[in-house]
């Protein structure tokens, strides 16, 4: 997780726990979560129209799409390319070794690339979330984090990083639950 341990850490952790409690997938029964993911997975399998496809890639995309929908309430993330951007961000982020950013290597380009992807996905979404809420719009985790930061006078720039943490942590945990549901339901 990409956290810093400054004095605001406890407030950020409290904000994250509250957001996950209010909007978390734990509100649904586990079989509903798995069914949602399986629906996306099967829709992605049906798309190639008989052409060959690579199942692990479709599983990764459906999980990334599910996590992004959870954080932002946006759906159809596979067809609009967001799931691919998230997977690219996750792979690149997990491939980083912090000490190498100080050496003039290809690694420096990777760090710049991750920063660009972070801005493109999470900072842009946070800026969009700051706009006034439209009537009938579903509230999401980002809304909750922003409201908490504003209420307690925290900088709202941490919302992007907290959202990235959710996606990175979920990308690590979620496949096991998905495969369990796929095999045993």
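In the working numbering, the protein residues as written are 1463 to 1647. The beta carbon of each residue, even a glycine, is placed where N, CA and C say it ideally should be. This structure is a prediction, so every number in the text was calculated from the model and none was measured.
According to the neighbour-count rule (16 or more other Cβ atoms, all chains shown, within 10 Å of its Cβ), is residue 1541 buried or exposed? Position 79 of the chain shown, counting from 1, holds the residue named residue 1541. Exposed, by the Cβ-count rule.
Do the stretch 1467 to 1483 and the stretch 1493 to 1513 make contact, defined as three or more Cβ pairs closer than 8 angstroms? no
With a 10 Å radius around its C-beta and 16 neighbouring C-beta atoms as the bar for buried, classify residue 1523 as buried or exposed. Within the chain shown, residue 1523 is the residue found at index 61, counting from 1. Classification for residue 1523: buried.
Beta-carbon proximity of residue 1592 to residue 1554, cut-off 8 angstroms: Within the chain shown, the letter at position 130 stands for residue 1592. Within the chain shown, the letter at position 92 stands for residue 1554. No, these two residues do not count as a Cβ contact at 8 angstroms.
With 16 other CB atoms within 10 Å as the buried threshold, where does residue 1528 fall? Residue mapping note: residue 1528 aligns to position 66 of the chain shown, counting from 1. Buried.
When DSSP labels each residue in this structure, what does residue 1510 get in the three-state scheme? The sequence position of residue 1510 within the chain shown is 48, counting from 1. Coil.
If you count every other CB in all the chains shown that lies within 10 Å of the CB of residue 1463, and 16 or more means buried, which is it? Stepping through the chain shown from its first residue, residue 1463 is reached at position 1. With a pLDDT of only 46 at residue 1463, under the threshold of 50, the placement of this residue in the model should not be trusted; the figure read from the coordinates follows. Answer is exposed; the Cβ neighbour count stays below 16.
Roughly how many angstroms separate the alpha carbons of residue 1534 and residue 1616, rounded to a whole number? To locate residue 1534, count along the chain shown from 1; it is residue 72. To locate residue 1616, count along the chain shown from 1; it is residue 154. Spanning the two alpha carbons is a distance of roughly 21 angstroms.
Check the C-beta distance from residue 1607 over to residue 1585 and give it rounded, since I have them as a contact under 8 angstroms. Here residue 1607 corresponds to residue number 145 of the chain shown, with the count starting at 1. Here residue 1585 corresponds to residue number 123 of the chain shown, with the count starting at 1. Contact doesn't hold; Cβ gap of about 13 angstroms is too wide.
C-alpha distance - residue 1577 paired with residue 1517, whole-angstrom precision: Along the chain shown, one-based indexing puts residue 1577 at 115. Along the chain shown, one-based indexing puts residue 1517 at 55. Each residue's Cα considered, the two are about 29 angstroms apart.
According to the Cβ coordinates, are residue 1526 and residue 1506 closer than 8 angstroms? In the chain shown, the residue the question calls residue 1526 occupies position 64. In the chain shown, the residue the question calls residue 1506 occupies position 44. No, the Cβ-Cβ distance between residue 1526 and residue 1506 is not below 8 angstroms.
First through last residue of the alpha helix (DSSP H) which encompasses residue 1585: For the purposes of this step, residue 1585 is taken as residue 123 along the chain shown, with counting starting at 1. Per DSSP, residue 1585 belongs to no alpha helix (DSSP H) and is neither H nor E.
8 angstroms Cβ cutoff met for residue 1548 and residue 1629: For the purposes of this step, residue 1548 is taken as residue 86 along the chain shown, with counting starting at 1. For the purposes of this step, residue 1629 is taken as residue 167 along the chain shown, with counting starting at 1. Against a cut-off of 8 angstroms, the Cβ pair of residue 1629 and residue 1548 comes out as a contact.
Might you give, ordered along the chain, the residues of its own chain that have their beta carbon closer than 8 angstroms to the beta carbon of residue 1612, omitting 5 neighbours on each side? Counted from its first residue, the chain shown places residue 1612 at position 150. Correct list, in chain order: 1618.
Alpha carbon to alpha carbon, what distance is there between residue 1583 and residue 1519? Sequence index remark: in the chain shown, residue 1519 carries index 57 (1-based). Sequence index remark: in the chain shown, residue 1583 carries index 121 (1-based). In a straight line, the C-alpha of residue 1519 is about 20 angstroms away from that of residue 1583.
Counting C-beta neighbours from all protein chains within 10 Å, is the total for residue 1605 16 or more, i.e. buried, or is it exposed? Counting from 1 along the chain shown, the entry for residue 1605 is found at position 143. Classification of residue 1605: buried, given that the 10 Å Cβ count is 16 or more.
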